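Chemist:
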Amino acid sequence: MTITPLMPVYPRCGVRPVKGDHCHLIDEDGTRYLDFACGIAVNLLGHSHKGLIGAIQQQAATLMHVSNLYGSPQGEALAQKLVDKTFADTVFFTNSGAEAVETAIKTARAYHQHDGNEDRFELITFKNAFHGRTLATISASNQEKMHHGFMPLLAGFKYVEFDDLEAAKAAIGPNTAGFLVEPIQGEGGIRPASLEFMQGLRKLADEHDLMLILDEVQCGVARTGTLYAYEQYGIEPDILATAKGIGGGFPLGACLATEKAARGMVFGTHGSTYGGNPLAMAAGTAVMDAVANDEFLAQVTEKGERIRARLEQFIGNYPELFELVRGKGLMLGLKMKVESRPFFVHLRDNHQLLTVAAGDNTLRILPPLVIGDAEIDEFFDKLSAGAADYQIPETS
Ligand SMILES: *Cc1c(COP(=O)(O)O)cnc(C)c1O
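For the sequence shown, the positions run 0 to 395 when numbering that gives the first Met the number 0 is used.
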């Protein structure tokens, strides 16, 4: 047998973390890495946050799981926090981002179909988007590398150019149910949508009775300096998918919706065995208590601005390597003039700095939101050393 016990779908690297220590990961051979990848925007409180660990330990010892057939004081409490802090009136908890997006897709379809309008099923989505790896969520993306081998796709998605309002408008037809968009594309290369685009989508949705669904799985939960990124666009969605950071490392996601948008999600239409179980609710509540306040959010904005200013200055020293810096808050992208993947590997293997590669030759910089001056300085030390001794591979 040549197949590995772990199904070989990931190109796993040689780093094998066994322990986390605040903003660092420690490999099984003892090597320490500065973690500016954060499990891809997940560990927003770092790796050894006492509040989060305590909440999970205490809940694990009290009640880990019950069915959604019972009342959920824990779920009601976290849902209420989300409702109080966002546009939403109601919340469905999931275990992952893809499930949160799936729920959002179902909610948008059900909005139209609950009263018999079965022609309204199509979502307009945007090129280079990433919405997850289930069949519906790969179908929502135009990225063929995720489709190959898994045909046929789910019907009902139309792809148009990201940040192109005219294209979005032109795509609206009799079958359109709504828009599904990442306000800041993550996997696509940390590409923030423009203000005009997001406000334009909101206006089109209002004019045509369409659902505006935001996928904030990566950019949500304080990452950009506001609890959700939509706040910075001066709009509110009808439906929003959140996950990654919301559990701080515990698997948790949620679909948020207005009362109107959720009108089709009635008894018996949707469900999840684990979704919203008490252990996940304890983790989510600890994260919300830590991040959903003005002081924490202001710190994210301030640290983001500081890193960004230093990055802008830094890239000036290496005009042959770097093109620009983009993103919001602590969701930053360094767009390179050469292939970004070999540079990301170089930083990881030769300088013990973990970042994330992304589309459009961008390096994603996604630190824990709790970084301090020491980690920021360490990051720039490693990045500078990495740029200074980088040999651009022949192939790029
Ligand atoms: C990661 C991600 C998802 C999928 O989340 P999973 O938890 O991996 O299912 C969906 N949308 C966006 C924008 C993401 O970044």
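Even for Gly, the Cβ is constructed at its ideal location relative to N, Cα and C.
Note that this is a predicted model, so its numbers are computed, not measured.
Return yes when the Cβ of residue 61 is within less than 9 Å of the Cβ of residue 98, no when it is not.
Modeler: Contact: no.
Chemist: From which residue to which residue does the alpha helix (DSSP H) around residue 78 run?
Modeler: Element bounds for residue 78: 72 to 84.
Chemist: Going by Cα to Cα distance, which pick from 241, 325, 337 and 275 is closest to residue 87?
Modeler: The shortest Cα separation from residue 87 among 241, 325, 337 and 275 belongs to 241.
Chemist: Could you check if residue 129 belongs to the surroundings of ligand 1, using beta carbon to heavy atom distance under 8 Å?
Modeler: The answer is yes for residue 129.
Chemist: Quick one: what's got a C-beta closer than 7 Å to residue 307's C-beta in the same chain, skipping five residues either side?
Modeler: Taken in chain order, the residues that qualify are 324 and 331.
Chemist: So, do the region 266 to 276 and the region 220 to 228 have three or more beta carbon pairs nearer to each other than 8 Å?
Modeler: The region 266 to 276 is not in contact with the region 220 to 228.
Chemist: In the DSSP assignment, find the alpha helix (DSSP H) that holds residue 110 and state where it starts and stops.
Modeler: From DSSP, the alpha helix (DSSP H) with residue 110 extends over 96 to 112.
Chemist: Kindly indicate which three-state DSSP category residue 229 falls into: helix, strand or coil?
Modeler: Three-state DSSP puts residue 229 in a helix.
Chemist: Do residue 129 and residue 186 have their C-beta atoms within less than 9 Å of each other?
Modeler: Yes, the pair counts as a contact, with Cβ atoms nearer than the cut-off.
Chemist: Comparing alpha-carbon positions, which option in 360, 379 and 143 lies nearest residue 316?
Modeler: Comparing Cα positions, the closest option is 379.
Chemist: Is the CB-CB distance between residue 392 and residue 71 below 9 Å?
Modeler: No; because the gap between Cβ atoms is not below 9 Å, this pair is not in contact.
Chemist: Nearest by alpha-carbon distance to residue 209: which of 96, 217 and 104 is it?
Modeler: Measuring from the Cα of residue 209, the nearest candidate turns out to be 104.
Chemist: Measuring alpha carbon to alpha carbon, tell me which residue in 163, 189 and 216 is nearest residue 203.
Modeler: Per the Cα distances, 163.
Chemist: Hey, would you say the C-beta of residue 105 is under 8 Å away from at least one heavy atom of ligand 1?
Modeler: Incorrect: residue 105 has no Cβ contact closer than 8 Å to ligand 1.
Chemist: Considering only residues of the region 150 to 190, which uninterrupted alpha helix (DSSP H) runs meet the minimum length of 4 residues and lie entirely inside it, listed in chain order?
Modeler: Correct list: 164 to 169.
Chemist: With a threshold of 8 Å, are at least 3 pairs of Cβ atoms found where one atom belongs to the region 30 to 37 and the other to the region 351 to 365?
Modeler: As far as the Cβ criterion goes, the region 30 to 37 touches the region 351 to 365, which means the pair count is three or higher.
Chemist: Apply the 10 Å Cβ neighbour rule to residue 395 and answer buried if 16 or more other Cβ atoms are within range, or exposed otherwise.
Modeler: Here the model assigns residue 395 a pLDDT of 49, short of 50, so the residue's position is not dependable, and the following value carries that caveat. Classification of residue 395: exposed, given that the 10 Å Cβ count is below 16.
Chemist: Flag this pair as touching only if the region 186 to 200 and the region 151 to 168 have three or more C-beta atom pairs under 8 Å; answer yes or no.
Modeler: Segments in contact, yes.
Chemist: Have a look at residue 24 and residue 349 and give me their C-alpha separation to the nearest angstrom.
Modeler: The straight-line gap from Cα to Cα measures roughly 15 Å.
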